[in-house]
Amino acid sequence: MKTAFIFTTSITLVAAVAAVQGCKKDETTNNTTTTTTTSTTTTGTGGSGGTGPTCAEYCQAAVDICGASQGTKQFEDTTACEDVCAFWDPGTPGAQSGDSLACRDSHVTLAATDAAAHCPHAGPAGGGICGTSQCDAFCALDLAVCTGVDAAFASLSECTTACALWAGADADYASNPTDTTDSFGCRLYHLIAAAGDPTTHCSHTGDASPICVN
Numbered sequence: 000m001k002t003a004f005i006f007t008t009s010i011t012l013v014a015a016v017a018a019v020q021g022c023k024k025d026e027t028t029n030n031t032t033t034t035t036t037t038s039t040t041t042t043g044t045g046g047s048g049g050t051g052p053t054c055a056e057y058c059q060a061a062v063d064i065c066g067a068s069q070g071t072k073q074f075e076d077t078t079a080c081e082d083v084c085a086f087w088d089p090g091t092p093g094a095q096s097g098d099s100l101a102c103r104d105s106h107v108t109l110a111a112t113d114a115a116a117h118c119p120h121a122g123p124a125g126g127g128i129c130g131t132s133q134c135d136a137f138c139a140l141d142l143a144v145c146t147g148v149d150a151a152f153a154s155l156s157e158c159t160t161a162c163a164l165w166a167g168a169d170a171d172y173a174s175n176p177t178d179t180t181d182s183f184g185c186r187l188y189h190l191i192a193a194a195g196d197p198t199t200h201c202s203h204t205g206d207a208s209p210i211c212v213n
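With numbering that gives the first Met the number 0 as the guide, the letters of the sequence shown map in order to residues 0 to 213.
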């Protein structure tokens, strides 16, 4: 009888110890650190956080990708490009149409694999894709760049009417510093220059251009 009591007591003590240890285990807190990764999307040349490209980003790509040959060159250098780019509407990142920086940036990215097709779309004239027509893109830029005493046209309609009659108004634009013909291409070359120096070049962009006459 005494032995059974001791045995029962021993079992009770073991159970008690186990219960205490179990409580201590339950009270232990496991700290877990959760890391959240935020992904951002970029458009075209890599606008930060999906906000679209800067003129510097776009222009570097435009010169690198579309400046390889005279047939696809849109700007002589990044400075000329950035001067023009400052006048464009930023647009919506990823846009494939519309007279904006975003549209041109999308097409300069596509030009990396097909320069002949997309460099004109990525350039100042928009190739009829980044803008409703090349004359519309030209005239919107001309009236923004050439103002006041430097104005080449009195109105947008005056400009688009004149532009429609210029040689090459519907042809793909490519930069050509030696072009002095009575053409769309000659006037657009000087409009790009006018973005950096309106006093010298705005008169060259007009219908009665003293430079684009041959």
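All residues carry an ideal CB built from backbone N, CA and C; glycine is no exception.
- A contact is defined here as three or more CB-CB pairs under 8 Å, and the stretch 63-74 meets this definition with respect to the stretch 105-119.
- For P197, the enclosing alpha helix (DSSP H) covers residues P197 to H200.
- Inter-residue distance for R186 and H203 is about 6 Å (C-alpha atoms, whole angstroms).
- Counting the other CB atoms within 10 Å of its CB gives T78 a total below 16, which places it among the exposed residues.
- The beta carbon of A193 sits closer than 7 Å to the beta carbons of V144, C145, H200, C201 and T204 from its chain, once the five residues preceding and following it are set aside; these are given in chain order.
- Taken through DSSP and simplified to helix, strand or coil, D88 comes out as strand.
- Going by beta carbons, C162 and C138 fall inside the 8 Å limit.
- From the listed residues G66, Q59 and S132, the smallest Cα separation to N175 is found for G66.
- DSSP places A166 in the strand class (E or B) of the three-state scheme.
- Collapsing the DSSP output to three states places S99 in a strand.
- CA-CA distance, C158 to D149, rounds to 14 Å.
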